[in-house]
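Each residue of the sequence shown is one higher than the last, beginning at 921 in the working numbering. Okay, so here's the structure we're looking at.
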Amino acid sequence: MTRVRFILLAVLLILVSLTVLNGCRSAHTTSAILYIDEQNYDKAVQVIHEGFQFRDDEPDAYYYLGEAYSHLAEESVQADDFEEAQKNYGLAYEAYTRAMDLDPEHFAEDVEVSLKHNYANRMRQAKLDWDDDYYEQAEGHMRLAYAALPDSLSPIKSIARMKMQMSSMDNYADQKTELLNEALGLLDQVLKAKPEAYELRANKANVLAALDRNAEAGRIYEELLAEHGDDTALLMDIASLALNDGDYARAADFYVRVVDLREADTDASNDDQNKDMLVAAGTWYSMSTIGRYDDALVQLDRAANLELIPLENTILTRLRTYYNYGKFVKDQAETETDPDAKAKLITQANELFNRAVEIGIAMTNNYVANADGFFYLSLAQLELGDYTASEANFKTYEELSAGTAGP
């Protein structure tokens, strides 16, 4: 007999003696512990199951059975045998929980540590694979994490979100619908266990919208809006759905609402897109099919106040909106039969044209190569009867449009 085997046998005899004295741990379990130390995990499982023929309510036996299955699961992972790893993680979970049920006072903490260890190992590898765009491997490790700790639904949620991410990528364009449907199925699986989960319901609405199931998505969004009306991420999702439906006025309303909430909080880091969102809202409000010009000008002027130097797109959008609003009011004046009301409308239209001229002059001074600036300035001046200025600016517009003007 080798020296090592002699020592192991001596240790085994000591442990057996202690077992006889305290009556807690069976000889089979003690033997299994030694096999685990030798990394002979299959033999450890075999010995413990043999011991169950004599006693099947020993907490220690189930705990070390869980340890043996955990090691077998890791070996299966290393061998790239997913099914075997999944089976062993599941058996480890069953064994651990049985040990805790039999003796929670002594095993609750140890079981929690072991379960979290198995779970964390798989989720850690899943994250590494996900970060490296190894999506199939990442999904496999997340599914193993779920097998190791089915009490946690995070792996399923993570797989769903990964598939949502993949569906938006160009190299998965052909699989977009398939990926979204898979994500939807996973989200429904989690929501069945946690129907109140706000973030998951929002994710489901996003997936439904991406699948063009806008009516279903809209119903979920409305429910969430009633519960979480100050969640800017939710408001942006609803705005996106409105854009998909072609409801630009609704999208603009939610953009303004988001900006209001962001400006009201103390976090300056989320304000970087406020100006662009206000310009977008103003542009949509001013569409001829919507005609909410007052709202448009409020948001566009608000956007301008956020700029230290007037930006080309912002100032042009304001110029165009003031001119279009003036034309809209002038058209109303032409059909108005009441003299007093007609006079008020004409005055309002002229005020709007004058404001357009002011903005147009500022624009053409700052952006001398922008043909549209000269175009709308010319039109506003024409409405006010300043024909000489209008003609000169229109000529510049034509030159710029033809590419004959200098830089």
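We put the CB at the ideal spot given by N, CA and C, even for glycine.
Starting from residue i, trace the alpha helix (DSSP H) in both directions and tell me its first and last residue.
i, result
"Val1110", "1096-1113"
"Val1277", "1259-1286"
"Gln1057", "1055-1068"
"Ser1321", "1307-1322"
"Asp957", "947-957"
"Ser1074", "1074-1087"
"Gly1202", "1194-1205"
"Thr1241", "1232-1255"
"Asn1051", "It is Asp, not Asn, that sits at residue 1051 in the sequence shown. Counting along the chain, the alpha helix (DSSP H) containing Asp1051 begins and ends at 1024-1051."
"Gly878", "Residue 878 is absent from the model: the chain starts at 921 and stops at 1327."
"Leu1128", "1118-1130"
"Arg1182", "1168-1184"
"Arg1222", "1213-1224"
"Ile1158", "1152-1164"
"Phe972", "Run containing Phe972: none; DSSP gives neither H nor E here."
"Leu1302", "1291-1303"
Could you give the distance in angstroms between the alpha-carbon of residue i and the alpha-carbon of residue j?
i, j, result
"His948", "Glu1102", "46 angstroms"
"Thr939", "Asn1008", "Any reading at Thr939 needs caution, since the residue's pLDDT is 43, under 50, leaving its predicted position unreliable; the model's value is listed next. Rounded to whole angstroms, Thr939 to Asn1008 spans 28 angstroms at the Cα level."
"Ala1331", "Ala1137", "Missing from the structure shown is residue 1331; the chain here goes from 921 to 1327 and no further."
"Leu1181", "Glu1232", "27 angstroms"
"Glu1319", "Ala1312", "11 angstroms"
"Gly1010", "Leu1131", "34 angstroms"
"Ala1253", "Phe1174", "32 angstroms"
"Gln1057", "Thr1017", "28 angstroms"
"Leu1099", "Arg1139", "22 angstroms"
"Phe1294", "Thr1308", "14 angstroms"
"Asp1214", "Met1283", "21 angstroms"
"Asp1187", "Phe1027", "45 angstroms"
"Phe1314", "Ala1223", "28 angstroms"
"Gly1060", "Glu994", "13 angstroms"
"Phe1002", "Asp1049", "15 angstroms"
"Gly1149", "Leu1155", "8 angstroms"
"Val1176", "Pro1070", "42 angstroms"
Using 8 angstroms as the threshold, is the C-beta distance between residue i and residue j below it?
i, j, result
"Asp957", "Leu1022", "no"
"Arg1063", "Gln998", "no"
"Ile1076", "Tyr1092", "no"
"Lys1114", "Leu1073", "yes"
"Leu1035", "Tyr1013", "yes"
"Gly971", "Ser946", "yes"
"Val1277", "Ala1300", "yes"
"Ile1235", "Ile1279", "yes"
"Ala1122", "Leu1144", "yes"
"Met1082", "Tyr1055", "yes"
"Ala1159", "Ala1171", "yes"
"Ala1184", "Arg1212", "no"
"Met1084", "Val1127", "yes"
"Glu1227", "Lys1250", "no"
"Met1197", "Val1178", "yes"
"Ala1125", "Asp1157", "yes"
Exposed or buried, which one is residue i when buried takes at least 16 other CB atoms within 10 Å?
i, result
"Ala1263", "exposed"
"Arg1240", "buried"
"Met1089", "exposed"
"Lys1112", "exposed"
"Asn1225", "exposed"
"Thr1237", "buried"
"Tyr1317", "buried"
"Phe1273", "buried"
"Ser937", "Legend: pLDDT at Ser937 = 44, less than 50; position of this residue unreliable, no value from coordinates given."
"Asn1190", "exposed"
"Arg1044", "exposed"
"Ala1322", "exposed"
"Asp1192", "exposed"
"Gln959", "exposed"
Report yes or no: do three or more beta-carbon pairs, one from the segment 1259-1270 and one from the segment 1281-1300, lie closer than 8 angstroms?
-> no
Determine, using beta-carbon pairs with one atom in the segment 1238-1254 and one in the segment 1200-1217, whether at least three such pairs fall under 8 angstroms.
-> yes
For the 8 angstroms Cβ check, are there 3 or more pairs between the segment 979-994 and the segment 1019-1035?
-> yes
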